[in-house]
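In what follows, a single structure is set out as structure tokens and then discussed.
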């Protein structure tokens with residue numbers, strides 16, 4: 066009975082919205098219900114259905130990584146990341162100007178080359194900074210309504226606070242990013258391996274910020290930033306998907322942030338739309354967050370490499386509500402969203418145990434029968 070009850074509790078997690086009021090309540094109910102099951106004296110003591118960790122096995126199991134050798138390649142910070150879809154939506158001029166902006170502020174310059182005022186507003190307006198150079202979100206003022214900051218091909222960089230403080234913070238930001246990458250993934254990993262390793266990193270190192278959700282529509286809406294989540298290791302869906310998106314792009318995996326609406330709950334949500342080997346999939350680091358009383362604290366694989374059908378029928382987000390890059394309906398005019406490959410369906414009812422990158426095998430525990438199984442993935 067305990068095995069069936071725990072599986073039933075897990076299933077309830079599939080339909081919650083991570084950015085809605087129902088999220089906090091639902092997750093608390095999952096934890097409470099699972100604790101009650103685990104402590105219940107109605108389960109026979111001789112019913113061998115619980116899963117226990119091997120001796121000395123950590124409760125939070127990351128992707129298996131060998132110690133980095135001195136002669137192995139290491140990641141270096143890439144200041145020029147920008148998704149292909151966003152480049153199409155915003156235009157090449159904006160992308161180039163944005164890179165000019167990033168280079169300028171990394172060098173402590175006061176201006177950057179920009180072709181016109183509209184592009185200037187695109188660059189410093191906040192959204193592109195949030196996803197493609199997050200450290201500048203809280204340190205660069207929004208110049209959107211101050212047209213005098215652009216003049217004849219040159220855009221002003223409105224530092225806030227002072228430039229010296231920003232440059233110190235910016236260098237620390239670069240170190241944080243490269244440390245995460247070099248501790249989590251290797252440059253020779255495949256796109257699948259990078260996406261999984263970083264998904265595990267997100268789900269094991271971040272928590273959902275219920276306080277931010279409760280205050281997001283009142284006093285703290287302006288604080289919802291990718292950079293905040295990166296610094297505090299907590300956030301809501303907009304922030305967590307932003308962090309995952311940035312890390313994927315840093316290591317060469319094409320990714321965008323995607324939004325969707327759940328009609329039954331009347332709330333929206335944000336996750337990632339990731340391209341692996343030329344094929345698009347949905348990945349949701351917020352729904353995948355590890356819970357201490359679910360799966361022994363291991364990462365659920367249910368929200369990794371999903372199809373449109375799974376996202377709609379199981380999680381309640383119809384494809385007609387999808388929107389990329391913060392552009393909503395406009396993005397559907399540019400792109401046809403088609404995540405139809407279900408090659409990773411076998412992982413959907415399991416939690417992660419180990420990744421063998423030499424033999425291309427993911428070992429997971431199937432929580433429908435609590436058997437350890439292997440999934441062979443393409444190199």
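Numbering (the working numbering), first residue to last: 66 to 444. Ideal Cβ positions, reconstructed from N, Cα and C, are used throughout, including at glycine.
Exposed unless 16 or more other CB atoms sit within 10 angstroms - verdict on residue i
{"i": "residue 444", "result": "exposed"}
{"i": "residue 139", "result": "exposed"}
{"i": "residue 236", "result": "exposed"}
{"i": "residue 145", "result": "exposed"}
{"i": "residue 422", "result": "buried"}
{"i": "residue 441", "result": "exposed"}
{"i": "residue 518", "result": "Any question about residue 518 goes unanswered here, given that the chain covers just 66 to 444."}
{"i": "residue 244", "result": "exposed"}
{"i": "residue 439", "result": "exposed"}
{"i": "residue 279", "result": "exposed"}
{"i": "residue 401", "result": "exposed"}
{"i": "residue 324", "result": "buried"}
{"i": "residue 149", "result": "exposed"}
{"i": "residue 249", "result": "buried"}
{"i": "residue 227", "result": "exposed"}
{"i": "residue 385", "result": "exposed"}
Residues that residue i bridges to, as DSSP identifies them
{"i": "residue 221", "result": "176"}
{"i": "residue 228", "result": "None, per the DSSP bridge assignment."}
{"i": "residue 161", "result": "Paired residue(s): none; residue 161 is not in a bridge."}
{"i": "residue 389", "result": "323"}
{"i": "residue 215", "result": "220"}
Cβ neighbours of residue i in the same chain (closer than 6 Å, five flanking residues each side left out)
{"i": "residue 309", "result": "267, 337 and 350"}
{"i": "residue 224", "result": "231"}
{"i": "residue 175", "result": "222"}
Beta-carbon contacts of residue i that lie in its chain and below 8 Å, excluding the five residues immediately before and after
{"i": "residue 135", "result": "A caution first: residue 135 carries a pLDDT of 49, below 50, which makes its placement in the model too unreliable to give a value."}
Pairwise C-alpha distance: residue j and residue i
{"i": "residue 285", "j": "residue 301", "result": "12 Å"}
{"i": "residue 415", "j": "residue 365", "result": "6 Å"}
{"i": "residue 406", "j": "residue 193", "result": "30 Å"}
{"i": "residue 271", "j": "residue 217", "result": "44 Å"}
{"i": "residue 186", "j": "residue 163", "result": "10 Å"}
{"i": "residue 375", "j": "residue 157", "result": "34 Å"}
{"i": "residue 317", "j": "residue 409", "result": "21 Å"}
{"i": "residue 198", "j": "residue 418", "result": "33 Å"}
{"i": "residue 425", "j": "residue 254", "result": "10 Å"}
{"i": "residue 115", "j": "residue 389", "result": "Its pLDDT being 38, under 50, residue 115 is placed unreliably by the model, and the measurement read from it follows with that caveat. Cα-Cα distance, rounded: 41 Å."}
{"i": "residue 382", "j": "residue 357", "result": "27 Å"}
{"i": "residue 189", "j": "residue 359", "result": "42 Å"}
{"i": "residue 377", "j": "residue 264", "result": "21 Å"}
{"i": "residue 333", "j": "residue 161", "result": "32 Å"}
{"i": "residue 314", "j": "residue 195", "result": "14 Å"}
Beta-carbon proximity list for residue i, same chain, < 7 Å, skipping 5 on both sides
{"i": "residue 200", "result": "234, 235, 238 and 292"}
{"i": "residue 42", "result": "Coverage of the chain is limited to positions 66 through 444, which leaves residue 42 absent and any answer about it impossible."}
CB contact below 8 Å: residue i versus chain C
{"i": "residue 327", "result": "This model lacks chain C altogether, as it is built from one protein chain only."}
Residue i beta carbon near the ligand ADP (any heavy atom closer than 7 Å)
{"i": "residue 244", "result": "Because no ligand of any kind appears in the structure shown, any question about the ligand ADP cannot be addressed here."}
**OP:** Ignoring anything shorter than 3 residues or poking outside the region 300–360, list the beta strand (DSSP E) runs there in chain order.
**Re:** The qualifying runs are 320–327, 332–341 and 344–348.
Original post:
Hey, which unbroken runs of the alpha helix (DSSP H) at 4 residues or more fall wholly within the region 223–291?
Top reply: The qualifying runs are 228–249, 256–270 and 275–280.
Subject >> Completely contained beta strand (DSSP E) runs for the region 399–440, where each covers 3 or more residues >> reply: The qualifying runs are 415–421 and 426–431.
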